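In what follows, a single structure is set out as structure tokens and then discussed.
Chains as they are written, first to last, in UniProt numbering: chain A, 1 to 527; chain B, 1 to 535.
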């Protein structure tokens, strides 16, 4: 007897082959979508938001593209999620992870149609991924001891990362910027100390690294524009009207004169507060909240530079770089730690006035000022630089390095191939498939560059059969080249994360044999 | 339709708005119900066993869940049919009671219903079927007791526990590192277990997850991990030998519950009020300082001024810590939760050997680790994984494993898995059936057949020929009189589950049979379904 309505209306259920097909198709569609952005000759995408203003974003960054997509297919959502995690965790390789997962599923689909059970495929994939990781581990190079070489490794990695982005024109310049900035951090992974300022105008080549800290604020009127040996108090306190915080307090008066008195008392209170602040012996005061005219005037009188409304991040960063603490009460001037810097001055970038703090206590901080023709260019430049910075900090933490240009994939593919030959049983098909999926990445890089991928990849494979080969795809000349000589490197940590999370995601999707979609919650159509 | 007529032939209306209700009666009702129950069981059938597949569920908000856990699948499924809802409840109660075997219980109920349908077609009254099932379930229950084995474990010998947890985990996606996870689960349970009273409070085990890293990085922390950071960015990130004040009052000006107004009408009042406010903040911090606290954990927020004062007086603080977490911290550190500043006293402080903040990845994610607590009875399992769905599924799998370990501590009897217990019960029930007089004999025999459904599903999911495998195993069990023969799902080469180390808890299995029988009895007893029709 047929069952009517087991699930709620609009809820759908897909089973067995159909469910598997739906998730394969969804995952592959996502992978194909971002596939063309892979590699140095990858193309960009324009994303138009559906919100007001229809803002557009031009980007090459896999995570950014996938984040902005509205996806309905559940398997595709898994891929979007791994890309997001990759972004949070290592910062780069967001496209590769999706493409690799997509290729793994594409191969799996062929195996499933050959009547191989998904569980067998998973078992094979698991063996293969172990083998591939071992191969990577064995081939990873570590130049941590040799600081000269390590720096050149970092440069290479930064250039490789940037070469696929909009910054590729000036990649050497930006790579140096990024490496300098990261090395200043001295091993910490705190990217907060690196500030990226975007100012439209000029060209990308005009971007520069500033050793100090730049705050995008103006100096109050009538206050000094330049202070040497500044003592800075970083504060988070109300400097407009200092409200009484006790609950239920309100002012109730019965005559005009009383109003005036209370107003005077309020003024007095503010004056006292300002006096207390001044008593700290400072010549620069930076507040997170607004500073009204009255206290501002008082500060100006005392010859103190007062900066209002620095946002929360700005304040935290300032506190971090100048070594001061964020203060909210001012009763014990002797024990509050003040921040110091050698010079505060107003500088001009383009048409904007900014405040620059140089000679700060913590040498770790720096600011990268990006210049570019339009906001879109700047946004994309920031994303690219962010990727590079992330990869570099990760590399500083885990200094193992691999070559790039499809070299790690071919290396893994070779090892996995050998494993397949040794493994009896149906699993060897899956292991074989894994190696094919790995080889798909250099194929896509070559395809995107308009090269003859079949020819190149087969050449590569032959090269890799020799022990200790450094061969990879040289996109510029369109042939097989020595990656070591060309200086194309990638971080081990990124590659490992790509390999592991792509396999994990593929495994998850493969295990599914039924998709149940609940009825979507009704929403008011706001559009 | 239910129409009754009076002596003049006019119809009575019995049900309110009865023309708008649909109604099923008698055998039709039972058949419809059975079909619905079986449909639910059919969905879960493929998830059974180590080679079972997962389900992908999309919630009304578009979130994706991938899971293998029967209870979760059914809960998220948006079921509309009344009988199907009963099945959902069934799996949920197994989840509450035992925590594991939620898939098995539904598959079992489904196959009992299937057998019942055949009996109904032969004209056996549903109640007789229900009674027969009841008798059979008792036989199976007792038989399980008979074939069960006790095994000894202690804090030094956790191997048997680990093995059992591994059996549970092997059907989940995390089976790649089931060994490590099983060890974590067992250690966590043993850390919080009260071996004297044979009781485990699973609330003391906190399961926290964070995306990124690999599954292998999952760790057990003897302490608490809170997804919070210090309230002020410049507070120390590492505190040793912390004395922790656990507060549920905000560092903010007081807010009396009664409505009140403070009127300011003179300058003096304005100034005194100001003075008081300042003093109030000072007092709060001073009180914490006075009792010797070196860390403040608070459920509520801080005023900016208070925050700075805390920082200034070198008193690190954490704000907006949830109530449950606060309780766990209190248990772990041996402190008391203090609702008012006045009640702070040195003996109410909790103690921890080390408190540190750890940051992850490239974003500003930070977590607070509280370790080496005075009372190490609260532990945290910290899961890492490639994506959100993976973490969620790992959490569910670990929950199952924790429950299994707990059940074993309560009752250390086990039966062997891989369908061997079901096959053995089936043989026992079948034999008992022949000795039972009356119509129930048929029902008992059907029960035996229904028990075969689990090994059948296991074999089918593992890609083995189901009937061949089952009959072979059954024959072997009878021939060798060995109740430990089961389905060799992982292709190990032997089907003696004792050698394969595949265990399940006795109470889990017994509960499955009892619960499944009960639900089937309820469903069989229904002979009239009245539902509001669609409008």
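Yeah, the Cβ is synthetic: ideal placement off N, Cα and C, and Gly gets one too. As the structure is a computational prediction, the values presented were derived from the model and not from experiment.
| Item | Value |
| --- | --- |
| Simplified DSSP assignment, three categories, for residue 549 (chain A) | As displayed, chain A neither begins before 1 nor continues past 527, which places residue 549 (chain A) out of reach and without an answer. |
| Residue 327 (chain B) Cβ short of 6 angstroms to the ligand GDP heavy atom set | Ligands are entirely absent from the displayed structure, and the ligand GDP is therefore not among its contents. |
| Local Cβ density within 10 Å of residue 357 (chain B), reported as buried at 16 or more and exposed below that | buried |
| Within 7 angstroms, strictly: CB atoms of residue 370 (chain B) and residue 224 (chain B) | yes |
| Contact set for residue 168 (chain A): own chain, Cβ-Cβ below 8 angstroms, skip 5 residues either direction | 40, 162 |
| Assigned secondary structure, residue 250 (chain A) (DSSP; H/G/I helix, E/B strand, else coil) | strand |
| Contact set for residue 1 (chain A): own chain, Cβ-Cβ below 8 angstroms, skip 5 residues either direction | Any reading at residue 1 (chain A) needs caution, since the residue's pLDDT is 41, under 50, leaving its predicted position unreliable; the model's value is listed next. Nothing meets the Cβ criterion. |
| Residues near residue 501 (chain A) in its chain [Cβ-Cβ closer than 7 angstroms; skip 5 each side] | 82, 85, 86, 97 |
| Residue 174 (chain B) versus residue 150 (chain B) - alpha carbon distance | 28 angstroms |
| Helix, strand or coil at residue 75 (chain A) according to DSSP, with G and I counted as helix | helix |
| 7 angstroms Cβ cutoff, residue 274 (chain A) in contact with chain C | The structure shown contains no chain C; the protein chains it does contain are A and B. |
| Min CB distance residue 375 (chain B) to chain A below 7 angstroms | no |
| Own chain residues within Cβ distance below 6 angstroms of residue 174 (chain A), not counting five before or after | 162, 167 |
| Cβ-based neighbour list, residue 313 (chain B), same chain, cut-off 7 angstroms, excluding 5 preceding and 5 following | 285, 289 |
| Local conformation of residue 375 (chain B) per DSSP, three classes | coil |
| Residues near residue 398 (chain A) in its chain [Cβ-Cβ closer than 7 angstroms; skip 5 each side] | 492, 493 |
| Residue 460 (chain B) at chain A interface by Cβ criterion, 7 angstroms | no |
| Opening and closing residue of the alpha helix (DSSP H) in which residue 37 (chain B) lies | 26 to 45 |
| Three-pair Cβ contact test at 8 angstroms for the stretch 142 to 156 of chain A versus the stretch 450 to 457 of chain A | no |
| Nearest-angstrom beta carbon gap, residue 520 (chain A) and residue 64 (chain B) [assumed within contact, 8 angstroms] | Not quite, the Cβ-Cβ distance comes to about 13 angstroms (not below 8 angstroms), so this is no contact. |
| Secondary structure of residue 352 (chain B), DSSP reduced to three states | strand |
| Coarse secondary structure for residue 385 (chain B), derived from DSSP in three states | strand |
| Alpha helix (DSSP H) segment containing residue 293 (chain A), residue limits | 293 to 301 |
| Exposed unless 16 or more other CB atoms sit within 10 angstroms - verdict on residue 479 (chain B) | exposed |
| According to DSSP, residues forming a beta bridge with residue 303 (chain B) | DSSP, once it has assigned bridges, lists no residue as partnering residue 303 (chain B). |
| Distance between beta carbons of residue 423 (chain B) and residue 502 (chain B), contact taken as under 8 angstroms | Contact doesn't hold; Cβ gap of about 13 angstroms is too wide. |
| Inter-stretch contact at 8 angstroms, needing at least 3 Cβ pairs: the stretch 342 to 362 of chain A / the stretch 209 to 216 of chain A | yes |
| Min CB distance residue 536 (chain B) to chain A below 7 angstroms | With chain B represented from 1 up to 535, any question about residue 536 (chain B) goes unanswered, as that position is not in the structure. |
| 7 angstroms Cβ cutoff met for residue 497 (chain A) and residue 90 (chain A) | yes |
| Short-range partners of chain A found in the stretch 155 to 174 of chain B, where Cβ spacing is below 8 angstroms | 173 |
| Opposing strand residues paired with residue 149 (chain B) [DSSP bridges] | B:414 |
| Minimum Cβ-Cβ distance from residue 236 (chain A) to chain B less than 7 angstroms | yes |
| Three CB pairs or more closer than 8 angstroms across the stretch 132 to 144 of chain B and the stretch 436 to 444 of chain B | yes |
| Short Cβ contact (7 angstroms threshold) for residue 236 (chain A) with residue 328 (chain A) | yes |
| Through-space distance from residue 34 (chain B) to residue 518 (chain B), alpha-carbon basis | 14 angstroms |
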